[in-house]
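Participant:
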Amino acid sequence: MRMKGTEIFVESLRREGVRVVFGHPGGAILPIYDRLYDAEIRHILMRHEQAAAHAADGYARASGRVGVAMATSGPGATNLVTGIASAFMDSVPMVIFTGQVPSTLIGTDAFQEADVVGITRPCTKHNYLVLRIEDLARTIREAFYLARTGRPGPVLVDLPKDTQLSECEFVYPEEVKLRGYRPVLDGDPEAIRQAAVAILEAKRPVIYAGGGVIASEGAAELRRLAEMACVPVATTLMGLGSFPTEHPLSLAMLGMHGSWYANMAINRCDLLIAIGVRFDDRVTGKIAAFAPEARKIHIDIDPVEINKNVRVDIPIVGDVRRVLSVLNAELEARLKEHWTEAWEAERQAWLEQITEWKRIYPFCYDFDERVIKPQWVIEEIARVTQGEAILTTDVGQHQMWAAQYYRFKHPRTWITSGGLGAMGFGLPAAIGAWFARPDRPIIAICGDGSFQMTMQELAVVAEHRLPLKIVIINNSYLGMVRQWQEIFYNGRYSASDLRVSPDYAKIAEAYGLRGYTVRRPGELAELFEQELLASEPILFDVHVAAEENVYPMVPPGAAITEMILGPVGSKRIADSKESIA
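Going by this note's numbering, the first residue of the sequence shown is number 1, and it counts up by one from there.
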């Protein structure tokens, strides 16, 4: 059957199970938009292309399916780049379609021409420029296959206008065969056996779990491993939700703003089991001082990550869920003959030490009845939602407080720009998450600085009456910038003051939404109780203590045990030196 390029595009997306696309039209992609007019695929008009990419990201993370974004050529395509780079850093499966000038004009500096393939080569898993209509169906099939398999990531397909309008016989490939691309899914059996032996022989093991656990749907296998072998679990920022925060074996988050007890456990462990992680600098701090006493197991689907930043003793390349399933079976078989009262006593002693560390230095802050503390805002959100909401965030202090104080129960309920740290991510990601999971409460926790970067997407919330809750942690600063300026730049607040800002509640009202300005703790608790789970969109502009800082904090270049636990001269810092000794 002969089809035009636009028809091939829509039919290919249908066969890939695409239900929703986030985008913004323009001249070079108008033929596809004209075809979408009659298609069953739902298109969500975002108000900026960056937001379209972030929405596709939020959709992918909340659902586990491939997110799809699209835009026109030139500035439309370049505006997508921040969202593409964020998805690339966080291994999010996305396919991005961009319009391009006709192939005969490529390279002539035509109106709205940009080499988006060249621009995005460093921040995509792969990208394509489709010059022949005969290649279009195969390219789309390959793009979705690449995005979702192996280590997930964004794939871009650039579509010249004449390709969209050309015609050929439609054949959709049943299989994808790419020379040189063979993701390894099953770990080496001998390495898995060695890992099982190492786990049983260790006296002070710790699991360090990341986003790869969630991407592989491996949370159940992770929990089984931890409970069966009595191993405490620390998660990365991207791994939050892979292990329940309130589980007795949980160490919460580790790293620069992680828990004191997680970082201490990493420092003292004799076996580190790294699962679906990349040993990011925000986790390791000074690499030479990271888990210095430990043998290291590293399980990851991407062989490039093995030994990239940290040398490991037992590397296992494979899909996390499949590797953990085999590892758990191996452990279960060996545990019966390995278990002794002495072995159990060793594990218990290690867990008791960690419990004591948790008691000494939990996440904490000083509550104040006169002013709202940002940490308390997150605790109230956790209390009202009972850990059942999907949270999206922007980047900065509010992001770290949400990671520290929310009580995560499930995977795919924490959506944040972790690797790239893109401001403006939270609101559009929440929009995408709602189209993936309309059955869950979805809360966008935003900084006042970040919110101003994409607040025009309130139009999308209003257009579709999405029952999102937008909580702005408003401290009238670029908070994390101000914190670093206070601690490392002698309080010289250069270009971080946001005291000249709009009334966000009135902006919400201008879009036909309800908005509240909240300044007192008592008012906030009552409002959240009544409105946080309401079935309509609401914005809460929560004014918090302006110069509150995120603690703990590991200074740049320091070991993860060299944590700042509170303001300089505070009792907390003095006590910590005694406890570490």
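Virtual Cβ for every residue (Gly too), placed ideally from N, Cα, C.
None of these values were measured; they are calculated from a predicted model.
Out of A137, I473, M94 and S501, which has the shortest C-alpha to C-alpha gap to Q399?
Facilitator: Closest option to Q399, Cα to Cα, is I473.
Participant: Give the straight-line distance between the Cα atoms of N263 and G491, rounded to the nearest whole angstrom.
Facilitator: If I take the Cα positions, the gap works out to 28 Å.
Participant: Nearest to A525 by CA position, among V371, A51, I44 and G83, is which residue?
Facilitator: Taking only the C-alpha atoms, the option nearest A525 is V371.
Participant: Say whether the region 218–235 touches the region 345–357, bearing in mind that this needs 3 or more beta-carbon pairs closer than 8 Å, one atom from each stretch.
Facilitator: Verdict: yes, contact present.
Participant: In the DSSP assignment, find the unbroken beta strand (DSSP E) run with H247 in it and report its ends.
Facilitator: Segment: none, H247 is in no beta strand (DSSP E) and carries neither H nor E.
Participant: Would the beta-carbon of L251 be found less than 7 Å away from any heavy atom of the ligand ZN?
Facilitator: The ligand ZN is not part of the structure shown, which contains no ligands of any sort.
Participant: For the alpha helix (DSSP H) containing F435, name the first residue and the last one.
Facilitator: It spans G426 to A436 - the alpha helix (DSSP H) in which F435 sits, taken as one unbroken run.
Participant: Alpha carbons only, please: which of W350, A252 and A114 is nearest the one belonging to K409?
Facilitator: The shortest C-alpha separation from K409 is found at A252.
Participant: How big is the Cα-Cα spacing for A274 and V312?
Facilitator: Their Cα atoms are separated by approximately 9 Å.
Participant: At what residues does the beta strand (DSSP E) containing Q100 begin and finish?
Facilitator: Element bounds for Q100: M94 to Q100.
Participant: By Cβ distance, which residues of its chain are closer than 7 Å to A195, with the 5 residues on each side in sequence left out?
Facilitator: Correct list, in chain order: I297, I314, I316 and L327.
Participant: For A422, collect the residues of the same chain with a Cβ closer than 6 Å to its Cβ; drop the 5 residues on either side in sequence, then sort them by chain order.
Facilitator: The answer, listed in chain order, is T82 and S86.
Participant: Cα separation between V518 and G118?
Facilitator: If you take the alpha carbons of V518 and G118, they lie about 47 Å apart.
Participant: Report yes if the C-beta distance between S103 and P160 is below 8 Å; otherwise report no.
Facilitator: Yes, the Cβ-Cβ distance between S103 and P160 is below 8 Å.
Participant: Do the region 551–565 and the region 370–385 make contact, defined as three or more Cβ pairs closer than 8 Å?
Facilitator: Segments in contact, no.
Participant: Do you know how far the Cα of T284 is from the Cα of P154?
Facilitator: Using only the alpha carbons, I get a separation of about 26 Å.
Participant: Under a three-way DSSP split, which group does I133 fall into?
Facilitator: If DSSP states are grouped into helix, strand and coil, I133 belongs with the helices.
Participant: Taking the alpha helix (DSSP H) that A234 falls in, what are its first and last residues?
Facilitator: Element bounds for A234: not the alpha helix (DSSP H) but the beta strand (DSSP E), V233 to T235.
Participant: For S496, which residues from the same chain have a beta carbon less than 7 Å from its beta carbon, with the 5 sequence-adjacent residues on both sides left out?
Facilitator: Here the set comprises Y477, L478, V481, R482 and Q485.
Participant: From A402 to D188, what distance separates their C-alpha atoms?
Facilitator: The alpha-carbon atoms of A402 and D188 are separated by roughly 38 Å.
Participant: Considering just the uninterrupted stretch of the beta strand (DSSP E) at N307, what are its terminal residues?
Facilitator: No beta strand (DSSP E) holds N307; DSSP gives it neither H nor E.
Participant: G419 to L527, Cα distance in whole Å?
Facilitator: Whole-angstrom Cα-Cα distance: 34 Å.
Participant: Considering just the uninterrupted stretch of the beta strand (DSSP E) at G23, what are its terminal residues?
Facilitator: Start and end: V20 to H24.
Participant: Compute the Euclidean distance between the alpha carbons of E174 and Y145, then round it to the nearest angstrom.
Facilitator: One C-alpha to the other measures close to 11 Å.
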